[in-house]
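Everything on this sheet refers to the single structure shown next.
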Ligand code: ADP
Ligand code: DP6
Ligand code: CO
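Numbering (the UniProt record's numbering), first residue to last: 1 to 319.
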């Protein structure tokens, strides 16, 4: 008996970057994301002799394997179920490159687990379970725009759909400058960032920026959405730079790409950037500008891979 779930990757427009509880992955702020059609993870679970984990058909290093097994162990305890499992996962998204692979990964894993054991959970509970695997995964249970409300405990910290089928002219161009595995995982990065003298200011801005973003979405205001998303991402990277000791996910090409976005904007091609825990940038834009932006980025960077994404669906089950 094999059970497979598919979850789409999400990119936060208002970022989660700081934890109140590392074990339960309770965040210090609420976040808001866009689930993408172009990137997703398929994960299947079946019974077996030993615990095994394959990602893209390959056995993984100890760190990745441990994280998955520990997660399965936590869920098995929670639901009073047991048994060895073989887990096969396929990422249709670069792994650990700042393109939020953990969001679709742990949403798909939580989904496959609950189906495998025939557990009757609704999507709110599934979001909580996904959250324990990777915070951002709480939002990948839902399509369109999703909000992860920070809550204050396991029960109250989950995501919900703000609008699963937005009628908005909004595209995200994922600019893959470098898809190597990053050196600092998101888990480590957000832990270190809490030593920044600006960390409190970062937290204080969350309520305001989140409500401005919700406003922008409800009023179909692309300019406002882009401006807030860009500011929010820059704030997150500013606290990394000012952590003690400071660090950054940026590489020279990241800065080059930021400047290109700024230049394009000056020339009337409206676009904004957002950046996660990796060197790659994501451009937020509208349909009429996609061709021109792609052309310019392709001429500025050698071998750059630009993937166009729009709104993707929530979790689904393949068998
Ligand atoms: P990203 O920016 O890609 O989300 P993270 O540091 O948050 O980077 O998470 C990357 C880690 O998530 C990987 O090192 C691995 O442990 C885990 N991961 C990624 N994809 C999968 C998958 N399909 N199944 C299980 N774990 C995964
Ligand atoms: C920058 O969800 O990957 O992408 O909970 O430790 O697994 P863990 O972290 P993760 O962090 C995501 C950070 C981010 C912003 C976001 O997706 O909100
Ligand atoms: Co992640």
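Ideal placement from N, C-alpha and C gives every residue a C-beta, glycine not left out.
Remark: C-beta atoms of residue 164 and residue 142 approach each other more closely than 8 Å.
At least one heavy atom of the ligand ADP is found less than 7 Å from the C-beta of residue 100. Relative to the Cα of residue 145, the nearest Cα in the group 190, 216 and 1 belongs to 216. Taking a contact as a CB-CB distance under 8 Å, the pair residue 27 and residue 148 counts as one, their CB atoms being some 7 Å apart. Taking 3 residues as the minimum length, the beta strand (DSSP E) runs contained wholly in the stretch 111-153 are 145-149, in order along the chain. Assigned with DSSP and collapsed to three states, residue 247 falls in coil, not helix or strand.
In this structure, the alpha-carbon of residue 156 lies about 8 Å from that of residue 150.
In this model, residue 260 and residue 140 are separated by some 30 Å (Cα to Cα).
The Cβ-Cβ distance between residue 98 and residue 276 falls below 8 Å. Shown here for residue 42: same chain residues with a beta carbon closer than 8 Å to its own, the five before and five after excluded, namely 4, 5, 6, 89, 90, 92, 108 and 318 in chain order. When secondary structure is reduced to three states using DSSP, residue 169 falls in the coil class, being assigned neither helix nor strand.
The continuous beta strand (DSSP E) containing residue 46 extends over residues 31-47. By the 16-neighbour rule on beta-carbons within 10 angstroms, residue 25 is buried. Ranked by Cα distance from residue 218, the first of 75, 37, 162 and 33 is 162.
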